[in-house]
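All remarks here apply to the structure that follows.
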Amino acid sequence: MRTACKLIIAALAAIASSTLSANAQATRTWVSGVGDDANPCSRTAPCKTFAGAISKTANNGEISVLDPGGFGAVTITKPISIVSDGSLGSILSASVSGIVININSATFPPPSRRVIIDGLKINGAGTGLNGIRVLGADSVQIRDTTIMNHRGGAGFGIDVQSSLAVDVMLDNVTIFGNLGGVNVSSTGSVNRVFVEDSVISKNQTFSVKAAGAGARITLNRSTARGAALDIDVSNSAVVGSYGNNVIGSGAPNDTNGLQ
Numbered sequence: 164m165r166t167a168c169k170l171i172i173a174a175l176a177a178i179a180s181s182t183l184s185a186n187a188q189a190t191r192t193w194v195s196g197v198g199d200d201a202n203p204c205s206r207t208a209p210c211k212t213f214a215g216a217i218s219k220t221a222n223n224g225e226i227s228v229l230d231p232g233g234f235g236a237v238t239i240t241k242p243i244s245i246v247s248d249g250s251l252g253s254i255l256s257a258s259v260s261g262i263v264i265n266i267n268s269a270t271f272p273p274p275s276r277r278v279i280i281d282g283l284k285i286n287g288a289g290t291g292l293n294g295i296r297v298l299g300a301d302s303v304q305i306r307d308t309t310i311m312n313h314r315g316g317a318g319f320g321i322d323v324q325s326s327l328a329v330d331v332m333l334d335n336v337t338i339f340g341n342l343g344g345v346n347v348s349s350t351g352s353v354n355r356v357f358v359e360d361s362v363i364s365k366n367q368t369f370s371v372k373a374a375g376a377g378a379r380i381t382l383n384r385s386t387a388r389g390a391a392l393d394i395d396v397s398n399s400a401v402v403g404s405y406g407n408n409v410i411g412s413g414a415p416n417d418t419n420g421l422q
């Protein structure tokens with residue numbers, strides 16, 4: 164009897180250990196063009212998509228691109244980094260938004276809701292809704308990224324509509340061929356977008372748009388040109404320029420909002 168009990172206890176312990184191992188999340192995970200989302204997303208057994216990897220990545224962890232591939236649209240609901248350094252990390256976002264960032268403030272109280280997007284190419288293929296949409300975060304850094312061809316629905320390259328204050332920083336970002344470039348709106352909290360060393364060009368309706376008293380966009384060493392209205396400012400929003408930018412011929416619709 165004692166032997167049988169020991170065997171049962173050992174079996175239960177093995178099952179529990181296996182369950183914990185299966186549910187464990189890694190600080191760093193990997194995706195590959197030839198990966199499989201059934202894998203643990205390790206370097207030697209990478210996942211296929213960002214959506215598959217994010218559930219296996221710990222809070223404040225990082226998803227790294229191992230080799231070139233298209234890794235699919237993803238919704239980010241926790242602080243995390245997605246980094247493609249040296250390999251082509253692509254998202255084809257036809258008929259959907261490429262990346263949606265919506266982190267619950269109750270689960271991750273400010274200022275813990277931080278996201279980094281680095282080195283991606285996000286292509287809406289003419290029908291994509293938004294390249295990157297920020298609905299809930301404290302800070303979002305977008306670096307060395309190209310966002311293009313989102314002309315379905317709103318069709319914004321970057322859309323910021325966070326219910327709580329957020330800072331979005333663009334560094335060496337190219338946004339072109341969308342219905343609109345960078346859209347920021349807020350009627351309460353202060354939503355700020357800092358655009359540095361970036362090009363927002365040949366988007367259809369506007370290059371940068373700020374609407375509402377809490378909406379702020381600041382341009383530094385950047386280009387905003389080629390749209391019907393390059394600077395679109397309304398309802399007490401503010402677009403700031405350091406004076407070292409290239410602003411196209413579309414004059415601001417509210418000159419009081421350009422500083």
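Counting with my numbering, you get residues 164 to 422 for the letters of the sequence shown. Every residue, glycine too, gets a C-beta built ideally from N, C-alpha and C. Note that the coordinates shown come from a computational prediction; the quantities given were computed from them, not determined experimentally.
Cβ-Cβ distance between residue i and residue j below 7 angstroms
i      : j      : result
Asn265 : Gly315 : no
Pro231 : Leu255 : no
Gln188 : Thr240 : no
Ile310 : Ile262 : no
Val297 : Leu333 : no
Gly233 : Ser253 : yes
Ala373 : Val402 : yes
Asn223 : Pro242 : yes
Leu327 : Ser352 : yes
Gly198 : Pro209 : yes
Ile279 : Ser325 : no
Asp200 : Thr190 : no
Asn293 : Ser260 : yes
Cutoff 6 angstroms; reference residue i; Cβ partners in own chain excluding five residues on either side
i      : result
Ser370 : Gly344, Ile363, Ala387, Ala390 and Asp393
Thr192 : Cys204, Ala216, Lys219, Thr220 and Ile226
Gln330 : Checking the displayed sequence, the identity of residue 330 turns out to be Asp instead of Gln. Within the same chain, Asp330 has close Cβ partners Ser302 and Arg355.
Lys284 : Ser253 and Thr309
Ala376 : Ser399
Delimiting residues of the beta strand (DSSP E) encompassing residue i
i      : result
Ala221 : Thr220 to Val228
Arg191 : Ala189 to Val194
Ser364 : Val362 to Ser364
Residue interval of the alpha helix (DSSP H) (run including residue i)
i      : result
Lys389 : Residue 389 is actually Gly in this sequence, not Lys. Element bounds for Gly389: n/a, residue is neither H nor E.
Contact set for residue i: own chain, Cβ-Cβ below 8 angstroms, skip 5 residues either direction
i      : result
Gln454 : The chain is shown from 164 up to 422; residue 454 falls before or after that span and cannot be answered.
Asn312 : Asn286, Gly287, Ala288, Gly289, Gly291, Gly340 and Asn341
Val409 : Ser385, Thr386, Ala387 and Arg388
Ser247 : Ser227, Val228, Asp281, Gly282 and Leu283
Asp360 : Asp334, Asn335, Asn383, Arg384 and Ser385
Secondary structure of residue i, DSSP reduced to three states
i      : result
Gly320 : strand
Phe213 : helix
Val409 : strand
Asp150 : Since the first residue of the chain shown is 164 and the last is 422, residue 150 is not available in this structure.
Lys284 : strand
Leu342 : coil
Gln304 : strand
Ser397 : strand
Leu298 : strand
Ser244 : strand
Gly261 : coil
Ser404 : strand
Arg206 : coil
Arg277 : strand
Gln335 : Before going further, note that residue 335 is Asn rather than Gln in the sequence given. Correct three-state label for Asn335: strand.
Residues that residue i bridges to, as DSSP identifies them
i      : result
Asn267 : In the DSSP output, where bridge partners are listed per residue, Asn267 has none listed.
Arg355 : Asp330 and Arg379
Lys372 : Asn346 and Asp395
Gly446 : Summary: the structure shown does not reach residue 446, with the chain confined to residues 164 through 422, and so no result is reported for it.
Thr290 : The partner list for Thr290 (beta bridge, DSSP) is empty, contrary to what the question assumes.
Contacting residues, own chain, Cβ-Cβ under 7 angstroms from residue i (five flanking each side not counted)
i      : result
Ala378 : Val347, Ser348, Ser349, Asn354 and Ala400
Thr238 : Val263 and Asn265
Lys365 : Phe339, Gly340 and Gly389
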